[in-house]
Amino acid sequence: MAVARTGPGAPATIAAVHTAQLGRARAGGGAVVLVATVQSLAILVLLHGIGRTAGEGSRAAVVSGAVLSVVAFIAWNLLAQRLAAVRAGGGLDYFGTLPVRPAAVVLGFCSCYATFAVPGIVLTAAAGTALFSLPATHLWVLVPAALTSGLTYSGLGALSGLGPSRPETAAITGQLGLTAVIFFGLIPPDSLPDGLAPFRAAVPLAYDIDALASALTADPDWTGIALRLAGSAAFGACCLALAARAYRNALDS
Amino acid sequence: MVCCVASRSRTESTASPPPRGDDAHGDDARGDDAHGRAREASRAVCEATALSRSYAGASRPAVDGVTLNVRPGEVFGVLGRNGAGKTTLVRMLVGLLRPDTGRVLLDGTDVTARSAHAAVHLAYLPQRESALADMSVRTALETTGRLRGLPRAAARAQADDLVAELALAAIADDRVGRLSGGQRRLVGVATALAGERPLLVLDEPTTGLDLDARRTVWDALDRRRSGGAAVLLVTHNVLEAETVLDRVLVLHAGRPAALGTPGRLKERFGGLVRLDLAWRDEPAIDPAGLGGTVLRRGRRWTVRLPVAEAQDVLAGILNGPAYAALDDFGLAPPSLEDVLLACDSEEG
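Going down the list, the sequences are from chains B and C. The numbering of the first sequence is the working numbering, which starts it at 191 and goes up by one. The numbering of the second sequence is the working numbering, which starts it at 39 and goes up by one.
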């Protein structure tokens with residue numbers, strides 16, 4: 191039989207964990223992906239009824255928020271619950287006794303859950319731009335925005351799932367995170383109560399949403415888009431690093 | 039009577055790697071000279087020295103001053119009651135828990151501070167395994183092989199080999215989470231074998247397995263053992279342990295209570311045999327009159343006595359008025375269970 195005395199590299203680890211977690215979709219995760227998509231579409235329809243006459247900026251913000259809340263639902267909320275369940279069930283011991291880097295394992299989980307969001311992102315973006323009569327010329331910004339939001343939300347999801355020792359706390363953290371994204375993402379910044387506007391600007395939860403919203407207008411602010419995406423990516427990387435540390439701490443508890 | 043080493047103090051077991059209960063050298067009839075010890079240590083696949091670990095809020099350490107070494111080709115068992123510290127000890131050996139004191143060498147490499155390095159030396163089968171639940175059996179085996187560093191094609195080929203070796207063909211494409219407890223355990227053993235590690239640390243590997251599956255597992259482990267791999271087995275099943283273990287460490291309340299081959303540990307009973315008596319009705323005899331300490335579990339009595347004395351006691355019962363209340367009896371040489379019980383009673 192084959193013998194290997196060194197571990198795989200980080201890309202091979204990420205790919206193996208990613209592929210292994212894809213089985214989750216077949217094991218019931220698919221239904222949740224559908225729920226996340228339907229939820230965002232329903233939000234779009236609801237807000238269309240309320241705000242179809244709003245300005246282009248507000249309509250773009252609503253569509254952008256609905257699209258990326260799919261990512262938050264899956265990559266933050268569901269991933270947090272999944273990792274908490276894996277931890278509670280002793281599943282981290284499996285990865286902890288393999289010659290792989292903790293960060294690569296966390297990234298494998300994150301990339302897989304971010305992948306689960308792709309169908310919902312595409313459907314919601316297509317439906318949103320059509321429903322709210324927004325220009326689709328710069329819709330390609332969705333690709334980097336989805337990537338950076340995937341990084342950020344899945345990093346937060348991993349941190350929420352691996353940080354608390356109780357699965358219930360992880361579930362609550364994931365739910366609260368999703369609520370925060372929906373709150374900051376779907377309410378246009380200029381409609382927020384005064385006290386919350388600075389908070390929204392400071393917390394990088396809505397950077398990608400703002401970047402995509404700007405791209406869905408006739409006159410995108412490209413510098414702002416680039417800065418917001420870069421800020422979100424940096425924040426996501428920090429979250430992943432913290433999640434990897436939480437993973438190591440979870441093993442030694 | 040008996041075997042226990044913990045009463046000889048922790049200092050002894052920590053200062054001198056094999057506790058006095060360890061008959062590793064004696065069994066090999068090579069003495070315990072310094073040269074022999076050094077040679078033994080250099081050959082160890084796993085060598086742990088004076089390991090201790092406490093948890094916050096606990097009244098005593100979970101593991102306290104445990105020293106052991108596991109040699110290539112050996113099946114080494116860790117026995118003890120629930121809460122004895124077996125799982126904590128094993129988690130330190132495999133690098134999942136950092137010891138408060140002591141060190142762990144795997145193949146001569148100190149992995150205490152760099153626990154991630156432990157993973158290239160060993161495979162670990164924990165009691166609970168949920169990480170693989172969403173994969174098919176074949177994918178779980180292939181993924182584990184890949185994560186242990188095998189190229190994709192080699193991992194796939196090895197997964198096929200393991201499916202054949204452990205008779206998993208009928209469930210190879212089923213999701214692990216949908217299997218019965220025994221089947222899942224068998225898959226767990228198969229994943230521990232992926233990557234061919236020189237040390238297999240298995241926590242209750244045969245729990246829930248039927249006789250055929252258990253035999254399949256031990257055949258597979260025997261093949262690894264013949265190839266030089268060592269097995270560190272944690273088990274509650276003393277009957278199975280009796281048949282497979284080369285050496286045993288008995289833990290009591292986190293401390294090493296006995297260490298040696300099963301035969302040597304049983305020898306320490308000094309020729310005592312176990313007399314089991316099961317009563318149908320309340321017997322008309324005083325247990326204190328049997329000549330030893332009687333362990334009573336309801337109407338089942340167990341007493342350890344020298345052979346001749348046990349025969350006399352039994353003859354007295356069979357020929358006396360107590361016979362009318364006797365339901366069943368047995369006279370047996372000591373077992374590992376007796377070793378465990380004796381260590382427990384000595385340790386209090």
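Each residue gets a CB set at the ideal place from its N, CA and C atoms; glycine is no exception.
- For N107 (chain C), the enclosing beta strand (DSSP E) has its first and last residue at V101 to V108.
- The C-beta separation of D319 (chain C) from A363 (chain C) comes to about 4 Å, placing the pair in contact by the 8 Å criterion.
- Ranked by how close their Cα comes to the Cα of S422 (chain B), the residues B:D442, B:L341 and B:G351 have B:L341 in first place.
- Within chain C, the residues A157, T182, L185 and R186 have their CB atoms less than 8 Å from the CB of L288 (chain B), given in chain order.
- As for any beta strand (DSSP E) of minimum length 3 sitting wholly inside the segment 322 to 386 of chain C, the runs are 332 to 335, 338 to 344 and 364 to 370, ordered along the chain.
- Ranked by Cα distance from P164 (chain C), the options C:A268, C:T229, C:V142 and C:V341 are led by C:T229.
- Only buried fits T273 (chain C), as 16 or more other CB atoms lie within 10 angstroms of its CB.
- Two segments are said to touch when three or more pairs of C-beta atoms, one from each, lie closer than 8 Å; by this definition the segment 364 to 384 of chain B does not touch the segment 294 to 305 of chain B.
- Between the alpha carbons of G414 (chain B) and S259 (chain B) lies a gap of roughly 21 Å.
- The alpha-carbon separation between F114 (chain C) and G226 (chain C) amounts to approximately 19 Å.
- Within the same chain, Cβ atoms closer than 7 Å to the Cβ of S92 (chain C) are found at P99, A100 and D138, the five residues on either side in sequence being excluded.
- Fewer than three beta-carbon pairs drawn from the segment 389 to 403 of chain B and the segment 307 to 314 of chain B are found closer than 8 Å, and the two stretches are therefore not classed as touching.
- The residues V260, P309, G310, L313 and T314, in chain order, have a CB closer than 8 Å to that of T227 (chain B) in the same chain once the five nearest residues on each side in sequence are set aside.
- Collapsing the DSSP output to three states places P383 (chain B) in coil.
- Among the residues of the segment 381 to 399 of chain B, none has a Cβ less than 8 Å away from any Cβ of chain C.
- Identification of chain C residues near T196 (chain B) by a Cβ-Cβ cut-off of 7 Å yields V158 and G187, ordered along the chain.
- Nearest to T209 (chain B) by C-alpha distance, out of C:S97, C:P189, C:T177 and C:G368, is C:T177.
- Judged by DSSP secondary structure, S323 (chain B) falls outside any alpha helix (DSSP H); it is assigned neither H nor E.
- For W317 (chain C), the pairing in a beta bridge is given by DSSP as C:L364.
- With a cutoff of 9 Å on beta-carbon distance, R261 (chain C) and T244 (chain C) are scored as not near each other.
- Around the beta carbon of E358 (chain B), fewer than 16 other beta carbons sit within 10 angstroms, so the residue counts as exposed.
- Listed by position along chain C, the residues whose Cβ is nearer than 7 Å to that of F285 (chain B) are A169.
- Around the beta carbon of I240 (chain B), fewer than 16 other beta carbons lie within 10 angstroms, which makes this residue exposed.
- Of all alpha-carbon atoms in B:A251, B:E246 and B:T203, the one lying nearest the alpha-carbon of A403 (chain B) is that of B:A251.
- Contact between L374 (chain C) and A279 (chain C) holds, since their C-beta atoms are separated by about 6 Å, short of 8 Å.
- Judged by DSSP secondary structure, A88 (chain C) falls outside any alpha helix (DSSP H) and instead within the beta strand (DSSP E) spanning C84 to R91.
- If you check the CB distance, A370 (chain C) and D314 (chain C) come in under 9 Å.
- F425 (chain B) counts as buried, since at least 16 other C-beta atoms from the protein chains shown sit within 10 angstroms of its C-beta.
- Across the set C:G265, C:E203, C:R235 and C:R119, the C-alpha of C:E203 shows the shortest separation from the C-alpha of D250 (chain C).
- Contact fails between the segment 329 to 341 of chain B and the segment 273 to 292 of chain B, because fewer than three Cβ pairs, one in each stretch, are under 8 Å apart.
- When Cβ-Cβ separations below 9 Å define contact, G353 (chain B) makes no contact with chain C.
- A direct Cα-Cα distance of roughly 35 Å separates R272 (chain B) from A267 (chain C).
- Residue pairing for D148 (chain C): DSSP places it in a beta bridge opposite C:L143.
- For V286 (chain C), the uninterrupted beta strand (DSSP E) run begins and ends at R285 to H290, by DSSP.
- Its Cα nearest to that of R252 (chain C), the residue C:T281 stands out among C:T281, C:L270, C:L237 and C:P359.
- Assignment of A315 (chain B) by DSSP, reduced to helix, strand and coil, places it in the helix class.
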